[in-house]
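With the numbering used here applied, the sequence shown corresponds to residues 19 to 507, in that order.
The C-beta atom is built at its ideal place from N, Cα and C for all residues, glycine as well.
For reference, the structure is listed below as structure tokens.
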Amino acid sequence: MLILPAEHKLNWQRPPVITLALIIINVFVFFRLDATDTRLYNDAYDHYVNDRLYVMEAQEYADYLQRQVNLGLDDRFDLAAEVQQAVTDNNTEELIPLMLTDRGFVSYLTDKGPEFLEPEVYNDWLPKRQYIQLNFLDKLSYWQMGLIPADIELGDLLSYQFLHGDIGHLAGNMVILFLLGFAIERILGKALYILAYLFTGACGGLLFAAVEGNSLQPLIGASAAISGLMGMYVSYYRLRKIRFFYFVFFYFNYFKAPALLLLPLWLGLEIYHFFYDSLSHVAYMAHAGGLIAGAAIMIPWAKWYQPDSEDSHSHDEADLEFRTQLSKGFKAINKVDFDEARSIFLRLHEHNPHHSDIIRQLFHLYKIHPKDPDSQRFTQLALEDALTFNRIDEAIAIFEEYNRYASGCPLSDTSYYFRLLNGCLSTNRMSEAEKLLDTIGKSVKDKGLISEGFRSAIQAFNAREMPMKAKKYEKVLENLLTTSGPDTV
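Shown next as structure tokens:
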């Protein structure tokens with residue numbers, strides 16, 4: 019599950035320079051280091067296999083994991099069992115990636131090996147293992163610049179934030195950084211924004227290190243700093259209701275809620291996963307640390323925050339001009355001067371292409387001219403806006419009003435009919451769904467799309483125990499499919 023604040027809209031006339039710079043730096047660092055890390059790891063792997071160290075280490079690794087679990091130093095119970103099973107089944111090669119990079123195991127075997135290994139075995143193993151560590155593994159970027167709880171250095175608190183494990187890790191973090199960063203950059207200003215970003219990332223790293231204790235596993239990634247942005251966002255708006263985007267499995271939508279109420283939910287999820295998702299490589303405590311730090315530093319800031327004077331002046335000027343033009347547009351409508359109103363709202367739309375109120379006004383101003391291309395354009399934009407934010411009643415009203423004026427002028431993009439039909443069916447608006455089926459039957463030429471839409475409706479009628487309606491539209495569909503028209507594959 020993913021929940022992100024989405025109150026601000028991006029203004030490319032004032033681009034988020036620092037956020038874009040952070041993304042560019044992260045991407046550059048990843049691709050700059052990835053090739054070197056891949057070569058070093060492959061060389062280490064080849065030496066490890068050629069020296070057949072995995073044969074000697076496999077049973078010792080199984081014993082080591084079981085010992086750590088028994089002493090309460092490690093909670094990877096399932097992994098310990100799987101490793102022992104692999105050793106029993108003589109499938110030791112599948113353990114190579116684990117044994118090769120487990121620094122805790124190497125340190126344990128180096129220190130304690132003489133107590134239980136034959137001297138000749140230990141003396142043969144040690145120099146080969148040390149050669150691999152010193153010449154390859156220790157040079158990997160995440161060992162050199164990652165945050166290692168057992169060996170924290172001040173610079174690591176910053177450098178770890180710019181390292182990522184793979185392209186998926188990088189892409190996911192950068193998308194969320196962009197979605198959150200531009201809003202916080204606008205609120206804080208460039209200088210304070212970058213300081214707050216790095217500070218919350220460092221705080222997340224410190225909490226991770228405090229919880230993990232003597233772990234030798236490095237922490238990498240921008241997630242703690244990004245969690246800090248989430249904490250700042252909701253702390254700034256406090257109990258004001260703002261818009262959030264959520265994604266659960268394959269479903270996504272928006273909702274409004276008091277901003278600060280999301281903070282305990284996010285923290286709760288991180289803590290839950292920390293205790294019940296122990297096999298994951300996600301640093302949940304780093305996320306929690308970033309969230310707490312971000313929320314904390316924004317509490318005093320939200321009380322006395324004033325934007326940079328130049329930025330504030332330009333923003334206020336633009337806002338005043340917008341409101342002035344908006345007022346002129348409504349006055350023109352009240353005077354029934356629709357040509358002037360259209361001209362004003364078109365200019366406003368150029369600078370505010372996603373503004374819902376402007377789109378709605380342009381729809382109403384053009385709906386009486388259905389043959390004008392702009393009538394279709396603003397009808398479809400109004401439908402898009404309403405459907406995107408799940409305002410089904412509004413979308414139905416737009417559809418019905420357009421049909422009232424535009425009989426015989428179907429929408430050029432017929433996908434809106436089907437999106438609206440699905441919205442009606444999913445919210446039990448069956449009478450409106452019937453009107454849409456009538457429009458689809460008259461306006462859509464693609465038999466495949468017609469069939470798909472009608473069958474969805476027929477299934478919905480049956481599910482609601484409306485068999486007469488289902489049979490009616492089965493018959494209508496049969497008639498539509500037997501008439502001439504293009505087939506689809």
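Item, Value
"Residue burial classification, serine 425 (beta-carbon count within 10 angstroms, cutoff 16)", "exposed"
"Sequence ranges, beta strand (DSSP E) only - wholly within the stretch 250-296, length at least 3", "259-266 and 269-276"
"The stretch 20-33 in contact with the stretch 247-266 per 3-pair CB rule at 8 angstroms", "yes"
"Residues of its chain near aspartate 357, where Cβ-Cβ distance is below 6 angstroms and the 5 sequence neighbours each way are ignored", "none"
"Given leucine 213 as reference, the closest of His187, Val229, Ile244 and Leu225 once Cα atoms are compared", "Ile244"
"Residues that DSSP places opposite leucine 20 in a beta bridge", "Phe265"
"One or two residues paired with tyrosine 165 in a DSSP bridge", "Sequence inspection shows leucine at residue 165; the tyrosine mentioned does not correspond to that position. Leu237, per the DSSP bridge assignment."
"Length-filtered (4 minimum) alpha helix (DSSP H) runs lying within the stretch 335-390", "356-369 and 374-384"
"Own chain partners of alanine 201 with C-beta closer than 8 angstroms, once the 5 adjacent residues on each side are dropped", "Pro23, Glu25, His26 and Tyr251"
"Reference glycine 183; option with closest CA among Ile238, Lys493 and Ala413", "Ile238"
"Beta-carbon contacts of arginine 32 that lie in its chain and below 7 angstroms, excluding the five residues immediately before and after", "none"
"Contact check, alanine 475 vs leucine 438, beta carbons under 8 angstroms", "no"
"Reference leucine 309; option with closest CA among Asp295, Leu280, Tyr294 and Thr432", "Leu280"
"Three or more C-beta pairs below 8 angstroms linking the stretch 188-196 and the stretch 78-89", "no"
"Among Arg256, Val494 and Pro34, nearest to isoleucine 468 - alpha-carbon criterion", "Val494"
"Reduced DSSP category for glutamine 31 - H, G, I as helix; E, B as strand; rest coil", "coil"
"Pair within 8 angstroms by beta-carbon distance, threonine 37 and phenylalanine 196", "yes"
"Contact set for alanine 404: own chain, Cβ-Cβ below 6 angstroms, skip 5 residues either direction", "Glu412 and Ala413"
"Collapsed DSSP secondary structure at glycine 222 in the structure displayed", "helix"
"Valine 105 to tyrosine 59 span [Cα, whole Å]", "24 angstroms"
"Coarse secondary structure for phenylalanine 407, derived from DSSP in three states", "coil"
"Spatial distance of leucine 158 from threonine 56 (CA atoms)", "9 angstroms"
"Top-ranked residue by Cα proximity to glutamine 394, from Asn440, Ile410 and Cys427", "Cys427"
"N-terminal and C-terminal residue of the alpha helix (DSSP H) that glutamine 179 is part of", "Where glutamine 179 is concerned, there is no enclosing alpha helix (DSSP H), given that its DSSP letter is neither H nor E."
"Outcome for methionine 486 when other beta-carbon atoms lying within 10 angstroms are tallied against a minimum of 16", "exposed"
"Beta-carbon contacts of aspartate 326 that lie in its chain and below 7 angstroms, excluding the five residues immediately before and after", "Note that aspartate 326 has pLDDT 41, beneath the 50 cutoff, so the model's placement of it is unreliable and no number is given."
"Sub-8 angstroms separation of leucine 455 and tyrosine 491 beta-carbons", "yes"
"Coarse secondary structure for leucine 499, derived from DSSP in three states", "helix"
"Cβ-based neighbour list, aspartate 107, same chain, cut-off 6 angstroms, excluding 5 preceding and 5 following", "none"
"Inter-residue spacing [alpha-carbon to alpha-carbon] between histidine 373 and histidine 367", "7 angstroms"
"C-beta atoms of asparagine 271 and asparagine 408 nearer than 8 angstroms", "yes"
"Minimum C-alpha distance to aspartate 129 - residue among Ile114, Pro115 and Gln148", "Gln148"
"CB contact flag (methionine 74, valine 124, <8 angstroms)", "no"
"DSSP state of arginine 85 mapped onto helix, strand, coil", "helix"
"Closest Cα partner of glutamate 103 within the set Arg121, Tyr79, Glu470 and Met448", "Strictly speaking, residue 103 in this sequence is glutamine, with glutamate absent from that position. It is Tyr79."
"Residues of its chain near glutamate 112, where Cβ-Cβ distance is below 7 angstroms and the 5 sequence neighbours each way are ignored", "Ala104"
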